[in-house]
Amino acid sequence: MGRIALPILFFLCLVAGAICTTRYVVVVDGGSSGSKINIFSYDPSNPRDTFKRSSPMVTLAPGLSFFASPGATACITLTGTAGCVAGPNGTFADYLDAMAYYLVEQAFPVRSLFRLYATAGMRGVEAASALGIYSSVYDRFSSTYSIDDPISDVRTASGTDEALWGWITANLAFGADNTLGTLDLGGASTQITYESGGSNTSQTTSLQIEGETVRVYAQSYLGFGLDSVQLTYLTMLAERAANSSTPNITSPCYPSGTISVASAVAQGMFKPAAVSILTKTFAIDYIIGEADLDACVRDFAPVITSIAPYGTDADGNQLRPFFAYSARPPVASRSPDAYLAIGGYSSLVAPTGLPAGTVLPYASVVAALGSSCSASTWTSVAAGASGVRPFLARRCEDFALIRTLVEVGYAFPTANLTIDFLSLPTWAPGAAYQLVTSPRLIPGPSDSAYPFKVATAVLGVAVAIMAIALAVLIPMLLCPNAVASGRYSKLKTSMRLR
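One gets the working numbering by counting positions in the sequence shown from 1 and adding 2 to each.
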């Protein structure tokens, strides 16, 4: 019997190893407007070449920060699902149930890695409320999936985290053997990230990727995002008008023509914060636009170069003007003048006709931005959909921010500069890739998960009944591919997730 049992046992272990090669990780990108759920798969023996998205990204709305207020309820929606998944007054418990049930629907295996990183929306939430939200997430998922540290695995990501993960995501999407730097642009901040070839600085982070240490320079400038800079520039223009003989704003950064502030506000051409500056902080009558990008860049430059130090950012770094960071470390790349532009950059240039995913000389980018700006009129803004009018009204201004950041803020030599605009809806692939390619970060099963080691450990147990028992137990113990069930059975009837 023993002679039969050993071969059977050895064979079962090999089979178990074969069916357990695929592992999974979910990274939830907790944005301000919704949580983007991303599931990836990989083979732990070769994560670099096997890492891939295993299902399309879906968004669960609203964002986590919405539930920071005690007793908050909302219509909870999920991509691909009609209506509210838990009725019009869904609670945060319903929100987490919807997330859990989606993972079940996607056959996300138990014991797989689970990470949730929130961003801008949660940075403004009080610490006690944020802790309550993260504790609820941990309590809901830690018994089913692998959350190793409730503090580091379910938390608010820093601006540097986003920059680093965006850099990894962009380089994964670009697919080059040589890493390229990334430029990211959001509503409140802007980031530059690249592999550093110099000595470590306070902005340099050592990443463990694929078992190697990579020094990456990542700098986030809070206050230099699209929305923040618009308000700073508008305030500067309004102050200039207030000191003139007529309370009118004249700027090359606005659509050509003249429009009354009352008409622009009535047509929804400005966001509430901008409306407050125009009508309450200052009493501006008219806005006279010239739609001239070159002139706009010259008018816009003081916004970047003359902002005085103030406060600290989310990482505790003192905020300073760009020129204070002019001594950046050198780029460790065979293409130091090539950058991947992500985030707000790619969405801003979409209307210009510049092709995404194509390496473009900076001169071509400038020409396309200038042409699109000069075509902007108040009439064309009014003809746009109501939700996009504020963005159409500030198109030239946003284009000027791109050029000012590149030419003044970062002070890039532009002669050989190339930019590739990539549309990346989330940095989650970068976060997951770093996790699964860094051995020290992968909790995973213990060494007993490897079939040959299991076989060695049980060589002395040469009985047929043990082999039969292992035929059932090995897939359960070694292969984390069993899907959570049972506790979610009622959700199929209570939530409209199909």
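Each residue gets a CB set at the ideal place from its N, CA and C atoms; glycine is no exception.
Owing to the predicted nature of the structure, the values given are computational and were not obtained by experimental measurement.
- The continuous alpha helix (DSSP H) containing residue 243 extends over residues 228-244.
- Going by DSSP, residue 135 is part of the alpha helix (DSSP H) stretching over 129-143.
- When only Cα atoms are considered, residue 33 and residue 255 end up about 30 Å apart.
- Rounded to the nearest whole angstrom, the CA to CA distance from residue 412 to residue 233 is 21 Å.
- By the beta-carbon neighbour count (other beta carbons within 10 angstroms, threshold 16), residue 135 is buried.
- Judged by their CB atoms, residue 293 and residue 373 are not nearer to each other than the 8 Å cut-off.
- Annotation for residue 172: the continuous alpha helix (DSSP H) segment containing it runs 161-176.
- Counting every other CB atom within 10 Å of its CB across the protein chains shown gives residue 258 a total of 16 or more, marking it as buried.
- Scanning its chain for C-beta atoms nearer than 7 Å, with the 5 sequence neighbours on each side dropped, one finds around residue 396 the residues 232, in chain order.
- A contact is defined here as three or more CB-CB pairs under 8 Å, and the region 271-278 fails this definition with respect to the region 342-358.
- Annotation: the continuous beta strand (DSSP E) that includes residue 61 extends over 60-63.
- Under a 10 Å Cβ-count criterion, residue 54 is classified as exposed, with fewer than 16 other Cβ atoms of the shown protein chains found around its own Cβ.
- Under a 10 Å Cβ-count criterion, residue 268 is classified as exposed, with fewer than 16 other Cβ atoms of the shown protein chains found around its own Cβ.
- Residue 401 and residue 295 have their C-alpha atoms spaced approximately 8 Å apart.
- Spatial neighbours of residue 31 in its own chain (CB-CB distance under 6 Å, excluding positions within 5 residues in sequence) are listed in chain order as 38, 428 and 430.
- Comparing C-alpha distances from residue 84 to each of 214, 425 and 61 shows the shortest one belongs to 61.
- A direct Cα-Cα distance of roughly 5 Å separates residue 250 from residue 288.
- The residues 254, 255, 398 and 402, in chain order, have a CB closer than 6 Å to that of residue 298 in the same chain once the five nearest residues on each side in sequence are set aside.
- Closest in alpha carbon position to residue 177, among 342, 68 and 248, is 342.
- CA-CA distance, residue 110 to residue 24, rounds to 12 Å.
- For residue 196, the pairing in a beta bridge is given by DSSP as 219.
- Residue 153 counts as exposed, since fewer than 16 other beta carbons sit within 10 angstroms of its beta carbon.
- Shown here, residue 409 sits in a helix according to DSSP, grouped into three states.
- Between the beta-carbon of residue 27 and that of residue 437 there is about 6 Å, and that keeps the pair under the 8 Å contact cut.
- The bridge partners DSSP lists for residue 422 are 342 and 361.
- When rounded, the separation of the alpha-carbon atoms in residue 56 and residue 105 is 12 Å.
- As the crow flies, the alpha-carbon of residue 112 is around 17 Å from that of residue 100.
- Take residue 181, set aside five residues on each side of it, and the residues of its chain with a beta-carbon closer than 7 Å to its own are 173, 197 and 335, in chain order.
- Taking the Cα positions, residue 305 is about 14 Å away from residue 192.
- Less than 8 Å divides the Cβ of residue 302 from the Cβ of residue 235.
- Our two residues, residue 69 and residue 392, have alpha carbons roughly 28 Å apart in a direct line.
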